[in-house]
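Each position in the sequence shown, counted from 1, maps to that position plus 195 in the numbering used here.
Before any comments, here is the structure.
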Amino acid sequence: MESSLKTQMPIEDSRMKDQSFVELESGNFGCSHYRRRCKIRAPCCNEIFDCRHCHNESKNSLDVDPLDRHDIPRHDLKRVICSLCDTEQDVQQHCIQCGVCMGNYFCSECKFFDDDVSKNQYHCNECGICRIGGKENFFHCNKCGCCYSTLLKDSHICVEKAMHHSCPVCFEFLFDTTRDITVLPCGHTIHLECVKEMERHFQYSCPVCSKSYCDMSRVWEKLDQEVASTPMPEMYQNKMVWILCNDCGENSEVNFHIVAHKCLKCKSYNTRQTQGGPGSCSSRFVEMVR
């Protein structure tokens with residue numbers, strides 16, 4: 196009986212230790228950007244941060260001298276610190292001291308750790324960084340220089356290096372942003388939430404090329420009615436102006452009107468006056484949407 200008791204005690208202790216370790220391992224480590232069990236030592240400034248985004252936010256804040264602001268060179272990362280035992284070590288998935296897995300998803304190319312594998316992370320060799328959403332759901336467009344949804348494979352308009360610029364609304368660099376991106380029909384890219392913000396302010400044209408990105412036919416019908424119900428003074432009735440259509444790129448000579456000018460080719464009112472007429476006149480289709 197005594198022998199049996201002695202045998203059981205270490206087993207129970209071992210189970211309790213294993214259980215407590217599992218609880219500790221699955222704890223709420225990381226930051227607002229990633230759940231992980233390690234910190235990084237920035238190779239650029241030798242300081243410790245939870246992740247590269249934490250570094251970039253700190254080093255690019257308004258409190259930092261503009262000459263000292265910088266982003267971390269993500270691929271130059273060499274050292275990580277285990278969040279459980281504080282052991283600093285070379286970049287690897289498991290801690291050399293306590294053996295904890297520092298991230299269920301680990302990319303040795305990007306030196307990237309993340310516990311939330313529901314994001315379906317994958318590494319794109321062409322992009323040179325990790326993406327989310329599942330490799331089977333995306334393809335890499337060599338001309339655009341980025342991964343796009345397979346739904347766009349045969350329909351998207353290629354714009355060279357479309358992702359390698361800042362969002363035209365919020366000016367965040369799009370290529371490695373963590374926020375959702377959408378591709379407009381013209382091929383230009385923008386944050387999805389920025390598009391929604393534009394729509395809340397009745398803006399329905401691409402901020403890069405000014406092409407309409409949604410069906411505006413109902414708005415054009417309303418403008419037809421307003422133009423028809425707004426006769427011009429006699430001195431302007433035969434006045435002609437040249438316009439450029441932002442949607443189809445056609446140049447047209449049309450009758451000058453104070454409300455808007457209609458493209459003769461595609462019937463769009465998304466046009467701009469290029470020559471002739473008493474100054475430039477902007478169309479009022481935004482008010483028609485309301």
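Even for Gly, the Cβ is constructed at its ideal location relative to N, Cα and C.
With respect to the C-alpha of residue 272, the residue from 287, 258 and 262 having the closest C-alpha is 287. Of 403, 397 and 461, the smallest CA-CA separation from residue 363 is found for 403.
Leaving aside the five residues that flank residue 443 on each side, the residues in its chain whose CB is nearer than 8 angstroms to its CB run, in chain order, 458, 460, 461 and 463. With fewer than 16 other beta carbons inside 10 angstroms of its own, residue 329 counts as exposed. Straight-line spacing of the CA atoms in residue 365 and residue 385 works out to 9 angstroms. Under DSSP, residue 407 shares a beta bridge with 400. Shortest Cα-Cα distance from residue 305 to any of 280, 274 and 333 involves 274. Following the DSSP letters along the chain, one finds residue 468 inside the beta strand (DSSP E) bounded by residues 466-470.
The alpha-carbon separation between residue 438 and residue 352 amounts to approximately 25 angstroms. According to DSSP, residue 446 shares a beta bridge with 439.
Non-local beta-carbon contacts of residue 368 in its own chain, meaning distances under 6 angstroms to residues more than five positions away in sequence, involve 361 in chain order.
Counting of Cβ neighbours within 10 angstroms places residue 301 among the buried residues, the total reaching 16 or more.
Contact between residue 357 and residue 381 does not hold, since their C-beta atoms are separated by about 10 angstroms, which reaches or exceeds 8 angstroms. Judged by DSSP secondary structure, residue 419 falls within the alpha helix (DSSP H) whose first and last residues are 412-423. By the Cβ-count criterion, residue 466 is buried, with 16 or more other Cβ atoms from all chains shown falling within 10 Å of its own Cβ.
A straight line joining the alpha-carbon of residue 315 with that of residue 374 spans about 15 angstroms. Straight across, the Cα-Cα distance linking residue 420 with residue 379 is about 29 angstroms.
For residue 266, the closest alpha carbon among the candidates 284, 279 and 246 is that of 246. For residue 283, the uninterrupted beta strand (DSSP E) segment begins and ends at 283-285.
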